[in-house]
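Working notes for the structure below.
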Amino acid sequence: MDYTVPLLWIHLSAIVTWIGLWFNTLLAFNSLRRFVPDSARASFISTLRKRYLTITWAAIAVFIVTGTILMETNENYPGFGHFFDNSWATLVVLKHIIVIIMLAVSFTLLYGILPRMATAIIGGDKLGEERLLRREKLAVAALATLGLAVLLIIVTVAELPESGETAALVGCLL
Numbered sequence: 002m003d004y005t006v007p008l009l010w011i012h013l014s015a016i017v018t019w020i021g022l023w024f025n026t027l028l029a030f031n032s033l034r035r036f037v038p039d040s041a042r043a044s045f046i047s048t049l050r051k052r053y054l055t056i057t058w059a060a061i062a063v064f065i066v067t068g069t070i071l072m073e074t075n076e077n078y079p080g081f082g083h084f085f086d087n088s089w090a091t092l093v094v095l096k097h098i099i100v101i102i103m104l105a106v107s108f109t110l111l112y113g114i115l116p117r118m119a120t121a122i123i124g125g126d127k128l129g130e131e132r133l134l135r136r137e138k139l140a141v142a143a144l145a146t147l148g149l150a151v152l153l154i155i156v157t158v159a160e161l162p163e164s165g166e167t168a169a170l171v172g173c174l175l
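Mapping of the sequence shown onto our numbering: position 75 corresponds to residue 76, and the numbering continues sequentially without gaps.
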């Protein structure tokens, strides 16, 4: 039995969920903050962070497991260490580099910026809160932009002429 299609669906769902989280934050977070009273803002950020951690860790686990299986079973995969043997491998390496950068930015945001922002709010440090809010906006914009780059690479790899129809689509996805 071919598990490619279900694995691909699960893999893409995890990627889109994670990237969608950052787009949702980019578009909605600052608007929502305006409606949250000062007294509840630290709690709001703390609750939001917990939900983001759950979604982030679940999505990462799913796309690493499914992506590894999909990559290993793809006919275009030349093997570990042969990162530039073909266009497919080169683009997949580029995608992995972008995802690693996204992971670093995500963890900086979730384990650094947001907890410090909640602390600044509780301590009444308006200047610190504003500084951290600017960092949060920059991090989220970077995550959304890098997420678009990942999706662009997925589409590009799927359209490579050297790849078979199913193999190309599946192979682009770690």
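For each residue, glycine too, the CB sits at the ideal point set by N, CA and C.
How should tyrosine 78 be labelled, buried or exposed, when 16 other C-beta atoms within 10 angstroms of its C-beta is the threshold for buried? Here residue 78 refers to the residue found at position 77 of the sequence shown. Here tyrosine 78 is buried, its C-beta having at least 16 other C-beta atoms within 10 Å.
Less than 8 Å between the C-beta atoms of arginine 35 and leucine 115, yes or no? Along the sequence shown, read from residue 1 onward, the residue named residue 35 stands at position 34. Along the sequence shown, read from residue 1 onward, the residue named residue 115 stands at position 114. Not a contact, by the Cβ cut-off of 8 Å.
Among Trp19, Ile98, Phe24, Ile122, which residue has its Cα nearest to the Cα of valine 63? Within the sequence shown, the letter at position 62 stands for residue 63. Residue Trp19 holds the alpha-carbon nearest to the alpha-carbon of valine 63 among Trp19, Ile98, Phe24, Ile122.
Quick check on this structure: which residue in Leu133, His97, Ile122, Pro7 has the alpha carbon closest to the alpha carbon of glycine 148? By 1-based counting over the sequence shown, the position of residue 148 is 147. His97 is the residue among Leu133, His97, Ile122, Pro7 whose C-alpha sits nearest the C-alpha of glycine 148.
Cα-Cα, which of Ser88, Asp3, Ala145 is closest to valine 100? In the sequence shown, residue 100 corresponds to position 99, counting from 1. When only C-alpha atoms are compared, the closest one is Ala145.
Alpha carbon to alpha carbon, what distance is there between threonine 67 and threonine 167? The count along the sequence shown starts at 1 and reaches residue 167 at position 166. The count along the sequence shown starts at 1 and reaches residue 67 at position 66. Because threonine 167 sits at a pLDDT of 41, beneath the cut-off of 50, its placement in the model cannot be relied upon, and the point is left open.
Beta-carbon proximity check, leucine 133 vs methionine 118, cutoff 8 Å: Here residue 133 is taken as the residue at index 132 of the sequence shown, counted from 1. Here residue 118 is taken as the residue at index 117 of the sequence shown, counted from 1. Yes.
Taking all protein chains shown into account, decide if alanine 15 is buried (16 or more other Cβ within 10 angstroms of its Cβ) or exposed. To locate residue 15, count along the sequence shown from 1; it is residue 14. So alanine 15 counts as buried.
6 Å Cβ shell around alanine 43 - same chain, five flanking residues per side excluded: Translated into positions along the sequence shown, residue 43 becomes position 42. The beta carbon of alanine 43 lies closer than 6 Å to those of Ala119, Ile122, Ile123 in the same chain, with the five residues before and after it left out.
Are there 16 or more other CB atoms within 10 angstroms of the CB of glutamate 131, so buried, or fewer, so exposed? As a first step, residue 131 must be located in the sequence shown, where it is residue number 130. Only exposed fits glutamate 131, as fewer than 16 other CB atoms lie within 10 angstroms of its CB.
Exposed or buried, which one is histidine 12 when buried takes at least 16 other CB atoms within 10 Å? Looking up residue 12 in the sequence shown gives position 11. Of the residues assessed, histidine 12 falls on the buried side of the cut-off, its CB having 16 or more other CB atoms within 10 angstroms.
Would you kindly check if the distance between the Cβ of leucine 111 and the Cβ of tyrosine 53 is under 8 Å? Position 52 of the sequence shown, counted from the first residue, corresponds to residue 53. Position 110 of the sequence shown, counted from the first residue, corresponds to residue 111. When the beta-carbon positions are compared, tyrosine 53 and leucine 111 come within less than 8 Å of each other.
Proximity test, Cβ basis, 8 Å: valine 141 and chain B: Looking for chain B here will not work: only one protein chain is present.
With the cut-off set at 8 Å, would you say isoleucine 56 and leucine 22 are in Cβ contact? The count along the sequence shown starts at 1 and reaches residue 56 at position 55. The count along the sequence shown starts at 1 and reaches residue 22 at position 21. Closer than 8 Å, so yes.
Determine the contact status of leucine 71 and isoleucine 154, defining contact as a CB-CB distance below 8 Å. In the sequence shown, counting from the first residue as 1, residue 71 sits at position 70. In the sequence shown, counting from the first residue as 1, residue 154 sits at position 153. Remark: C-beta atoms of leucine 71 and isoleucine 154 do not approach each other more closely than 8 Å.
Roughly how many whole angstroms lie between the Cα atoms of glycine 113 and glutamate 137? If you number the sequence shown from 1, residue 113 lands on position 112. If you number the sequence shown from 1, residue 137 lands on position 136. Linking glycine 113 to glutamate 137 through their CA atoms gives a straight-line distance of about 10 Å.
Using the Cβ count rule (16 or more neighbours within 10 Å means buried), how would you classify valine 151? The residue given as residue 151 occupies position 150 in the sequence shown. With 16 or more neighbouring CB atoms inside 10 Å of its own CB, valine 151 falls in the buried class.
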